[in-house]
Amino acid sequence: MKSAAPIQQQELTKLCRDAKLLIEEEKYEECKRLISNAMGTFPHAPQPHNLMGILLEQENDILGAMRHFRSAWALDPTYLPARYNLNRLGSLTPDRKCAYEESDCGEPLHLAFCTRRDPNGIIHVMERRAER
């Protein structure tokens, strides 16, 4: 079972690169098929949902994009591109580029967020307040 994880990660990394290329070439239908197949193959991975969010954003379906970014984040709260895209799209001026992979995040989100455990043992991701 341990050997499957690196192979899965390689496939998901390739998926991110292929989807980025298709979106840049505006081959949206082909990209949608690729991502939908990946959702079936990797149902618990956040990457396909993040990519679908980016694709829907390019098609001006902002609500659909936000749903998929939230789904990606719910599947893995440590997956930075989903949180980055949620913050970017939810800001008043979403002028930054989409994050396909963690290397695209640009700003150090790990510094902007922290985790806290509540009395019931549930871990919550919280935004850190800027110190003045």
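So for the sequence shown, our numbering puts the first residue at 9; every next one is plus one.
The beta-carbon is built from N, C-alpha and C at its ideal position, and this holds for glycine as well.
All values reported here derive from a predicted model rather than from experimental measurement.
Please name the residue, chosen from Glu-34, Glu-38, Lys-35, Pro-56, that lies closest to Gln-16 on a Cα-to-Cα basis.
-> Reading the sequence shown from its first residue, position 8 is the one you call residue 16. The option with the nearest alpha carbon to Gln-16 is Pro-56.
How would you call Glu-37, buried or exposed, if buried means at least 16 neighbouring beta carbons within 10 angstroms?
-> Position 29 of the sequence shown, counted from the start, is the residue given in the question as residue 37. By the 10 Å Cβ count, Glu-37 comes out exposed.
Beta carbon of Asn-45, beta carbon of Ala-80: below 8 Å?
-> For the purposes of this step, residue 45 is taken as residue 37 along the sequence shown, with counting starting at 1. For the purposes of this step, residue 80 is taken as residue 72 along the sequence shown, with counting starting at 1. Contact flag unset, no.
Helix, strand or coil: how does DSSP classify His-132 here?
-> To locate residue 132, count along the sequence shown from 1; it is residue 124. His-132: strand per DSSP, three-state reduction.
Cross-strand partners of Thr-123 (DSSP beta bridge) | Here residue 123 refers to the residue found at position 115 when the sequence shown is read from its first residue. For Thr-123, which the question treats as bridged, DSSP gives the partners Val-133.
Sequence-distant residues of its chain with Cβ nearer than 6 Å to Pro-85 (five each side left out) = As a position in the sequence shown, residue 85 is number 77, starting the count at 1. Within the same chain, Pro-85 has close Cβ partners Val-133.
Backbone CA spacing between Arg-91 and Leu-97 [nearest angstrom] = Taking the first residue of the sequence shown as position 1, residue 91 is located at position 83. Taking the first residue of the sequence shown as position 1, residue 97 is located at position 89. Rounded to whole angstroms, the separation of the alpha carbons of Leu-97 and Arg-91 is 10 Å.
Out of Ile-70, Tyr-87, Leu-30, point me to the one whose CA is closest to His-52's CA.
-> As a working note, residue 52 is residue 44 in the sequence shown. Minimum Cα distance to His-52 is reached at Tyr-87.
What is the residue span of the alpha helix (DSSP H) that Asn-58 lies within?
-> To locate residue 58, count along the sequence shown from 1; it is residue 50. Unbroken alpha helix (DSSP H) run through Asn-58: 55–66.
Taking the alpha-carbon positions, what's the Met-60 to Asp-112 distance?
-> Here residue 60 refers to the residue found at position 52 of the sequence shown. Here residue 112 refers to the residue found at position 104 of the sequence shown. When rounded, the distance between both Cα atoms is 16 Å.
Spatial distance of Pro-127 from Gly-72 (CA atoms) = Looking up residue 127 in the sequence shown gives position 119. Looking up residue 72 in the sequence shown gives position 64. Straight-line Cα distance between these residues: approximately 34 Å.
So, using beta-carbon positions, are Lys-28 and Leu-63 closer together than 8 Å?
-> If you number the sequence shown from 1, residue 28 lands on position 20. If you number the sequence shown from 1, residue 63 lands on position 55. Against a cut-off of 8 Å, the Cβ pair of Leu-63 and Lys-28 comes out as no contact.
Does the beta-carbon of Asn-7 have 16 or more other beta-carbons within 10 angstroms, so that it is buried, or is it exposed?
-> In the structure displayed, the chain extends from 9 to 140; residue 7 sits before or after that span and is not available.
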